[in-house]
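Down below is the structure, laid out as structure tokens.
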Amino acid sequence: VLMERIAKYFLHLNLLPLGLIASFSACSTSQAPDFRAAVADSDRPASERELDAARKPAEVLAFYDVKSGDKVADLWAGRGYYTAILSQVVGASGVVYTVNPNSRDEINQRWKSPKFANVKVADGPFDKLALPQDGSLDFVLIHLNYHDVAPEVRGPMNKRILASLKRGGVYAVVDHSAKDGSGNEANKTLHRIDKAQVIKEVTDAGFKLAKEGNMLRTPEDTRDFNVNKERNKDDRFVLAFEKP
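All the letters of the sequence shown, read from the start, carry residue numbers 24 to 267 under our numbering.
See below:
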């Protein structure tokens, strides 16, 4: 309101271009998504809420700067932990594509609720990823499952993600850290992947690494145990890649 009054004052003096009035008005009325409210949604299953302390979804999505109205995708979504949260964050004017490599009716029934009217199921093989290829998406997330994608599939997948995003759009990869220099060695045995391997593959597809978050780091992790057997004790990297 204050910015609008200032703008109108200067407009009265013929000192401010009309275009800037719209900018001031937009800045005064726009609001960042309430990530914590989306996470605190009481409709979320207890089994998902129990994972919040380790996954810190509000911090992660704030780091990636997901906005209301964004068109986003949740890859290897599983039962929809992040799909449900993203649905609330982007709101009725946004879209969430939820994607699993194999379609499962018991999962997709969840998205038929009116609460999730902005969710679209796009299941199918990741080398033929069923996302729009028109550069319309703002954000694509693969959370703790990049290592599960077969190495020969990742190249085509990353290229299709690149085509789906608008310029400046963000491709988010969060995964369990393997030992430095181990490449893909721990993918199936420990369910981890070397961060450098991810960076190489994604940048080879045409992305640039924009930033890295530290909210899920666990420096004391020895990176030599199976993360499915010793849960929530591992170091995780949070990478933000940008489409140039």
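Just so it is clear, CB atoms sit at the ideal spot from N, CA and C, and this is done for glycine as well.
In this structure, the beta-carbon distance from K266 to L188 falls below 8 angstroms. As a beta-bridge residue in DSSP terms, L262 pairs with V196 and E235. Counting along the chain, the unbroken alpha helix (DSSP H) around L84 starts and ends at P80 to Y87. Contact holds between the segment 122-134 and the segment 142-154, because three or more Cβ pairs, one in each stretch, are under 8 angstroms apart.
The DSSP-derived three-state label of R190 is strand. Under the 8 angstroms Cβ criterion, the segment 147-164 does not count as touching the segment 218-233, having fewer than three qualifying pairs. Straight-line measurement puts the Cα of R72 at about 10 angstroms from the Cα of K79. With respect to the C-alpha of K211, the residue from Y105, K182, G229 and D247 having the closest C-alpha is D247.
I216 is bridged by DSSP to S200. Here DSSP, grouped into helix, strand and coil, assigns K151 to helix. As a beta-bridge residue in DSSP terms, A96 pairs with Y120 and V163.
Taking a C-beta distance under 8 angstroms as the contact criterion, F230 and F264 qualify as a contact pair.
In the structure shown, the three-state DSSP call for K135 is helix. Contact between R215 and V250 is confirmed by a C-beta separation of about 6 angstroms, below the 8 angstroms threshold.
Nearest neighbour of K182 by Cα position, chosen from Y87, A153 and H199, turns out to be A153. In the assembly as shown, R127 is an exposed residue. Its beta-carbon has fewer than 16 other beta-carbons within 10 Å.
Separation of the CB atoms of A186 and Q156 is rounded to 4 angstroms, and the pair is thereby assigned contact status at 8 angstroms. As DSSP reads the structure, K143 sits in a beta bridge with Y120.
Around the beta carbon of G191, fewer than 16 other beta carbons sit within 10 angstroms, so the residue counts as exposed. Residue burial is scored here from C-beta neighbours: Q132 has fewer than 16 other C-beta atoms within 10 angstroms and is therefore classed as exposed.
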